[in-house]
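Numbering (this note's numbering), first residue to last: 42 to 274.
Here the structure comes first, spelled out in structure tokens, and everything after it is commentary.
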């Protein structure tokens, strides 16, 4: 949907036109956030979304959209001859960025679903604004704002994306737990195998899948911990 719209704007305004350049920064947020609300046209889904479960729907819709986008980007670059000669490990940047977008898109749609009952326009505007904020540094890099050069802008962009990732995860954590707890969002409450106390996972730990080697704040011992739900099975 976005490609035909972008082509029409470029033909109407000119690809070097300032108005076209400004509108281009909004095309992805407007079209993608609209597309992510299409599942709401299914009456059963719309009726089932509540304040208690909207984050689950946001994760399902956002991650599903991100996976589709992942395949779309892969299909686009697969046809480039200069890409075909690269080794698989040289696509680490692509893999990392695409996995991060699963969290980004989930955070965007969570704002729309948070305001689904009565303030959907406000929520949609918030989702578009957050999406635009995430994309805008890419355009600053393309325009070489400040004259820093591509190398410096690449480093700045990577730092921004890392910070933005934690903000997006933190937003989902606030919606889920009522407070900023991004590490808990990914690893859940932990169960101490020694004192059996429950605690939020610390930031510093050794991760091995769902298992983590961390320190219990109750008994102050280091151990391999599991999420509360799994340790009780």
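Heads up, the beta-carbon is just placed ideally off N, CA and C, and yes, glycines get one too.
Requested in this report: Tell me residue 263's beta-bridge partners as DSSP assigns them.
Outcome: Within the chain shown, numbered from 1, the residue matching residue 263 stands at position 222. Note: residue 263 sits in a beta bridge opposite 256.
**Report entry** Proximity of residue 242 and residue 269 at Cβ, strictly below 7 Å
**Finding:** Within the chain shown, numbered from 1, the residue matching residue 242 stands at position 201. Within the chain shown, numbered from 1, the residue matching residue 269 stands at position 228. In this structure, residue 269 does not lie closer than 7 Å to residue 242 by Cβ.
Query - Outcome for residue 150 when other beta-carbon atoms lying within 10 angstroms are tallied against a minimum of 16 - result: The residue labelled residue 150 in the question sits at position 109 within the chain shown. The residue is buried, with at least 16 neighbouring Cβ atoms inside 10 Å.
**Report entry** Of the residues 252, 259, 260, the one placed nearest residue 266, counting alpha carbons only
**Finding:** Taking the first residue of the chain shown as position 1, residue 266 is located at position 225. Considering only alpha carbons, the answer is 252.
Query raised in the report: When the Cβ atoms of the segment 67–76 are set against those of the segment 88–103, are three or more pairs found closer than 8 Å?
Result: Judged by Cβ distances under 8 Å, the segment 67–76 makes no contact with the segment 88–103, as fewer than three pairs qualify.
Query - Minimum Cβ-Cβ distance from residue 110 to chain D less than 7 Å - result: Of the protein chains in the structure, only one exists, and it is not chain D.
Query raised in the report: Which of the three DSSP states, helix, strand or coil, is assigned to residue 234?
Result: As a first step, residue 234 must be located in the chain shown, where it is residue number 193. If DSSP states are grouped into helix, strand and coil, residue 234 belongs with coil.
Requested in this report: Within the segment 107–137, note down every full alpha helix (DSSP H) run reaching 4 residues or more, in order along the chain.
Outcome: The segment 107–137 contains these whole alpha helix (DSSP H) runs: 122–125.
Query raised in the report: Which residue from 107, 147, 183 puts its Cα closest to that of residue 197?
Result: Walking along the chain shown from the start, residue 197 turns up at place 156. Ranking 107, 147, 183 by CA distance to the CA of residue 197 puts 183 first.
Query raised in the report: By how many angstroms is the C-alpha of residue 155 removed from the C-alpha of residue 50?
Result: Translated into positions along the chain shown, residue 50 becomes position 9. Translated into positions along the chain shown, residue 155 becomes position 114. Between residue 50 and residue 155, the C-alpha separation is close to 32 Å.
Query raised in the report: For residue 247, which three-state DSSP category applies?
Result: Indexing the chain shown from 1 puts residue 247 at position 206. Looking at residue 247 - three-state DSSP - the assignment turns out to be strand.
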